[in-house]
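Our numbering puts the first residue of the sequence shown at 109, with every later residue one more than the last.
Before any comments, here is the structure.
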Amino acid sequence: MLSLSQWPKRYHLYQYLDSLFLNWDDKSDTIALLIMNLDNFRETCELFDYRDIEIVLANIGQIIKSSCPPDSYAAWLGSDEFAVALENTTEAEAEQTAAAICGNLNKPMHFHGKNALITASIGWAAAPKDAGDRYELLKTATMAMNWVKKHGKNDCVRYEPFMSFQISRKVNLVNDLAPALAEKQFVLHYQPQVNVISQNIVGAEALLRWRHPKHGLIPPLEFIPLAEETGYIHQIGDWVLYQASTDFNSWLQQGIVLERLAVNVSIVQLKQADFAERVLGILEQAQLDPAYLELEITESQSMDLPEVKPQIERLRNHGVRFAIDDFGTGFASLNHLRYMGFDTIKIDKAYIHNITTNSRDQVIVGSILTMAELLHLGIIAEGVETDAQLKYIRQINIKEVQGYYLSPPVDKTAFEQLLIK
């Protein structure tokens, strides 16, 4: 078994690919490149001490080599990335090789009395179809690998042209995020939270919209992750909180009775050391009592509890409330409730969609309601779209709802009309 120091490195791979393309006379022959990145390798490293990591990687390299044809060229690109080049091959053989590596890696590895499951995200591309030179081949194979990494990991996928479009769009949107605030491209819409007994609007959830001058309305699910990756989420989040707080305060000044302003926050924002102070400063600037604010955290986000909890406690001590959004879709709901001290549960719309006919959804929602009552938590049913759903929710004594049946998210002017009604 070769140690990593004996493996060809990135530079050697580039030289090898250049020589393949230089001597590539018969374009009916295929040159394929597989780029692989080990999944969650940082967590795997924590199982072993640093002296053992190289041996673990060498074992992984041996599995990769043994899964490839004898004349393939394997290289270690550094850290947790490997590559395999195939010459005079076929697209079918390249696909089989990628699948073999993926399958052979996806088995427990036993080392020094510890077990580690190593998986890989593998992207591959082939010339002449996907590339005409070394640079294109590396680019397209890497795009495919990144696509796998983003869409579930532990798989092998060939490059497709739509991946280039996605990368190009992502780069353009990232570049456009910076001026979007200054050019007032962001707007807030509000969705009412309604008491089913009084039928009064008791809360407003602020929802961010990006009206891009070229691409039109960009969905939050597309641009919020980009804002988190680039750090723009902090500027954007501050603007959202200030604008929403200012709007909400203006409604209170008009004599409109409302109980809460719900604002979504990203785990990236919460991990900022000064997040709590920034929130309190913005509320003071907007002249809004912290007791009106309820910050929503999506349950499915991976929460680093030790980092986040002090921020939540600091804000709760000043009256700010916290809601766990999309409850029931993540993997640690009960632990979040026990450890983090949430005030409100928002039942995910997936459980509301078929609640009038699906007995399992009825049992789950009933159990959540009972638990919330015992823990003295507020509860809101999201995604109410029909009269039948609303009647059922009222029947089981859930008091607050939001959803398109009552009102979709609307701009400030339209929301004010709803408040007046």
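Cβ coordinates follow ideal geometry from the N, Cα and C atoms, glycine included.
Bear in mind that the values here come from a model prediction, so they are computed numbers and not experimental data.
In terms of residues, what are the limits of the beta strand (DSSP E) holding I487?
Run containing I487: G486 to A489, per the beta strand (DSSP E) assignment.
Leaving out five residues before and five after L121 in sequence, what residues of the same chain have Cβ atoms less than 8 angstroms from its Cβ?
Excluding sequence neighbours, L121 sits near Y181, A183, L185, A191 and A193.
What did DSSP end up calling T464 once you bin it into helix, strand or coil?
In the structure shown, T464 adopts coil according to DSSP, grouped into three states.
A496: which of E195, I463 and D519 sits nearest, CA to CA?
Put simply, of E195, I463 and D519 the residue whose alpha carbon is nearest the alpha carbon of A496 is I463.
Looking at the structure shown, is V302 part of a helix, part of a strand, or coil, going by DSSP?
Reduced to three states, the DSSP call for V302 is strand.
Does the distance from the C-beta atom of M144 to that of I226 stay below 8 angstroms?
No, these two residues do not count as a Cβ contact at 8 angstroms.
Should N372 be labelled buried (16 or more other beta-carbon atoms within 10 Å of its own) or exposed?
So N372 ends up on the buried side.
Please report the Cβ distance between Y459 and V492, rounded to the nearest whole angstrom; I am assuming they are in contact, meaning their Cβ atoms lie under 8 angstroms.
Beta-carbon to beta-carbon, Y459 and V492 are separated by about 11 angstroms, too far to satisfy the 8 angstroms threshold.
Report buried or exposed for K529, applying the criterion of at least 16 other Cβ atoms within 10 angstroms of its Cβ.
Classification for K529: exposed.
Going by the beta-carbon positions, is the gap between L125 and L316 smaller than 8 angstroms?
Not in contact: L125 and L316 (Cβ atoms no closer than 8 angstroms).
Would you mind reading off the limits of the beta strand (DSSP E) that contains T406?
Its beta strand (DSSP E) spans residues L401 to T406.
Pop quiz: L403 and V365 are said to be a contact at Cβ under 8 angstroms. What is the actual Cβ separation, rounded to whole angstroms?
Not really, about 21 angstroms apart at Cβ, beyond 8 angstroms.
Pairwise C-alpha distance: E313 and K520
Looking at the two C-alpha atoms, the distance is approximately 11 angstroms.
Let's test the definition: count the other Cβ atoms within 10 Å of the Cβ of L401 and tell me whether it reaches 16, buried, or not, exposed.
Its Cβ being crowded by 16 or more others within 10 Å, L401 is buried.
Give me the Cα-Cα distance between T152 and N262, rounded to the nearest whole angstrom.
Taking the straight line joining both Cα atoms gives about 15 angstroms.
Taking one C-beta from the region 222 to 236 and one from the region 130 to 150 each time, how about it: are there three or more such pairs within less than 8 angstroms?
Three or more Cβ pairs closer than 8 angstroms define a contact, and the region 222 to 236 meets that threshold against the region 130 to 150.
Can you have a look at L391 and say buried or exposed, based on whether 16 or more other CB atoms are within 10 angstroms of its CB?
When all chains shown are included, L391 counts as buried.
Considering only C-alpha positions, which residue in the set T452, S467 and T465 is nearest to H484?
Here the closest residue by C-alpha is T452.
Helix, strand or coil: which one does DSSP assign to Y119?
DSSP, reduced to helix, strand and coil, places Y119 within a helical segment of the structure shown.
Under the three-state reduction of DSSP, which class applies to V373: helix, strand or coil?
DSSP, reduced to helix, strand and coil, places V373 outside both helices and strands of the structure shown, so it counts as coil.
Rounded C-beta distance between P321 and Q343? I'm assuming under 8 angstroms.
Going by Cβ atoms, the distance from P321 to Q343 rounds to 19 angstroms, so no, they are not a contact pair.
Length of the line joining the Cα atoms of S410 and R468
For S410, the predicted structure reports a pLDDT of 49, less than 50, and the residue's modelled location is therefore unreliable. A value from the coordinates is still provided. So the alpha carbons of these two residues sit roughly 27 angstroms apart.
Whole beta strand (DSSP E) runs in the region 268 to 317 with 3 or more residues, listed along the chain?
The region 268 to 317 contains these whole beta strand (DSSP E) runs: 294 to 303.
Backbone secondary structure at V509 - three-state DSSP:
If DSSP states are grouped into helix, strand and coil, V509 belongs with the strands.
Thinking C-beta only, is I420 closer than 8 angstroms to G389?
It is not a contact, given that the beta carbons lie outside the stated cut-off.
Quick check on the DSSP output: the alpha helix (DSSP H) that includes L136 runs from which residue to which?
For the record, residue 136 in the displayed sequence is Ser; it is not Leu. Looking at the DSSP string, S136 is not in any alpha helix (DSSP H), and its letter there is neither H nor E.
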